[in-house]
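Using my numbering, the first residue of the sequence shown is number 16, and each one after it goes up by one. Taking it in order: structure first as structure tokens, then the write-up.
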Amino acid sequence: MRNVDPEKVGSLLRKVATSEILPRHRSLAGHEIFAKPNEIDPDDIVTEADFAVERWLGGELEALLPGSVVVGEEAATVRPALLAALAGDAPVWVLDPLDGTKNFAAGSDAFGTMLALVRRGETLASWIHLTVDDRLFVAERGAGAFADGVRLDSRSRVLEDPPAGTLYTAFMPPATRAAVASAARGAFAPRPIPGSAAIEYTNLVLGRKDFAVYFRLHPWDHAPGALLLAEAGGAARHPDGRAYRPTDAHAITLVCRDAAAWETLRARLGLSPEAA
């Protein structure tokens, strides 16, 4: 990856965790928590930590790679037109400043910062920093995936039988939700929703679960993890076999920690290639 040192990016993630996130962990004041309702969760929130991380890290990343732009979750929530940059020629930093905000605000450790470098609709590199554990996951297209410098292989353990995973159906249209749930009933061992894509994707690459099915595809939630998983030996694809791209918005997406088992798992879960 030309012009970007992955270690420098990792250092920035650790620095902002120390300066903006950890001091607020279990110490948030009431005035630092704000309502952020969405279509299925009127009680969703954002915190001052989210804003502070996006503000500071955004400036540092643009300085690190001149000509790049930052598309952060909080800015894009207010100005969705920012997402058009993902398909453009300029490199784009896609940032989730604090993934798992509700967990963070509740005093849980299940949160992290997610970052991807995207150009022309393709994810070139990604980073996931699990803040409390200070674990840094890094992937570069064609160069592998690593956790704290150790190469990852998400295929190192065979999938469970039945496979262990999670269906994220909340954002699916009602008919799609019913069809997916019905087709998959009894075909897998359900696992809890961790409330953080950073936790979900790192659990997958570490072999702690086998798969997840998504529909709403905010790029800050999925671009970092999908590349990490692919470079570790897994796959993130739509039922018709198309690979996930950060420009995808809403589509059934099966992420599996073993790419060789993806088709078998798709069939087992009853995800038709014609599925939305």
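C-beta: ideal position from N, C-alpha, C; glycine also. Just so you know, these numbers come straight off a predicted model, no measurement behind them.
Quick check on residue i: buried or exposed, where buried means 16 or more other Cβ atoms within 10 Å of its Cβ?
i	result
Pro288	exposed
Asp255	exposed
Glu155	buried
Val93	exposed
Ser169	buried
Arg260	buried
Glu246	buried
Val165	exposed
Asp104	exposed
Asn18	exposed
Ala91	buried
Pro239	buried
Val279	With the sequence shown as reference, residue 279 is identified as Thr, and Val is not the correct amino acid for it. By the neighbour-count rule (16 or more Cβ atoms within 10 Å), Thr279 is not buried but exposed.
Thr62	buried
Gly45	exposed
According to DSSP, simplified to helix, strand and coil, what is residue i?
i	result
Glu137	strand
Asn94	Inspection of the sequence shows that residue 94 is occupied by Arg rather than by Asn. Coil, per DSSP.
Phe186	coil
Glu215	helix
Gly240	helix
Pro234	helix
Val85	strand
Arg192	helix
Ala12	Outside the shown range of the chain, which is 16 to 291, sits residue 12, and nothing can be said about it.
Val220	helix
Ala179	strand
Ala245	helix
Ala198	helix
Ala204	strand
Val173	coil
Ala290	coil
Note down the Cα distance separating residue i from residue j, rounded to an integer number of angstroms.
i	j	result
Ala67	Val228	31 Å
Asp114	Thr128	6 Å
Asp148	Asp20	23 Å
Leu43	Leu132	30 Å
Ala199	Arg172	23 Å
His144	Glu54	28 Å
Gly180	Ile208	9 Å
Thr146	Ala282	36 Å
Ala102	Arg135	4 Å
Glu75	Leu27	8 Å
Pro106	Gly201	43 Å
Ala275	Leu167	16 Å
Lys30	Leu37	10 Å
Glu89	Glu35	16 Å
Pro177	Leu79	45 Å
Phe203	Gly157	31 Å
Phe230	Ser211	15 Å
Ile60	Glu77	27 Å
If we cut at 8 Å on Cβ distances, does residue i have a partner in chain B?
i	result
Glu75	Of the protein chains in this structure there is only one, and it is not chain B.
Report the residue from the options whose alpha carbon sits nearest the alpha carbon of residue i.
i	options	result
Ala140	Thr268, Phe49 and Leu243	Leu243
Phe49	Leu182, Ala120, Leu97 and Gly73	Ala120
Asp124	Ala78, Pro81 and Ile214	Ile214
Tyr294	Gly201, Leu232, Asp236 and Ala204	Residue 294 is absent from the structure shown; the chain starts at 16 and stops at 291.
Thr138	Gly82, Arg170 and Ala251	Ala251
Leu130	Ala190, Thr116 and Val153	Val153
Phe186	Ala264, Ser34, Ala162 and Ala105	Ala264
Ala286	Ala275, Ala274, Thr268 and Arg272	The amino acid occupying residue 286 in the given sequence is Leu; Ala does not appear at that position. For the residues Ala275, Ala274, Thr268 and Arg272, the minimum Cα distance to Leu286 belongs to Thr268.
Ala194	Thr262, Ala204 and Ala290	Ala290
Leu284	Pro57, Phe226 and Leu79	Phe226
Thr262	Arg272, Glu69 and Ala100	Ala100
Pro81	Ala91, Pro112, Trp108 and Arg39	Trp108
Arg223	Pro52, Pro239, Arg206 and Leu232	Arg206
Leu182	Pro52, Thr191 and Ala196	Ala196
- request: Please list the segments of the alpha helix (DSSP H) lying wholly inside the stretch 251-288, counting only runs of 4 or more residues, in order along the chain.
  value: 277-283
query: What are the start and end residues of each continuous alpha helix (DSSP H) run of 4 or more residues lying completely inside the stretch 17-80, in chain order?
result: 21-31 and 63-79
- prompt: Considering only residues of the stretch 110-162, which uninterrupted alpha helix (DSSP H) runs meet the minimum length of 4 residues and lie entirely inside it, listed in chain order?
  reply: 116-120
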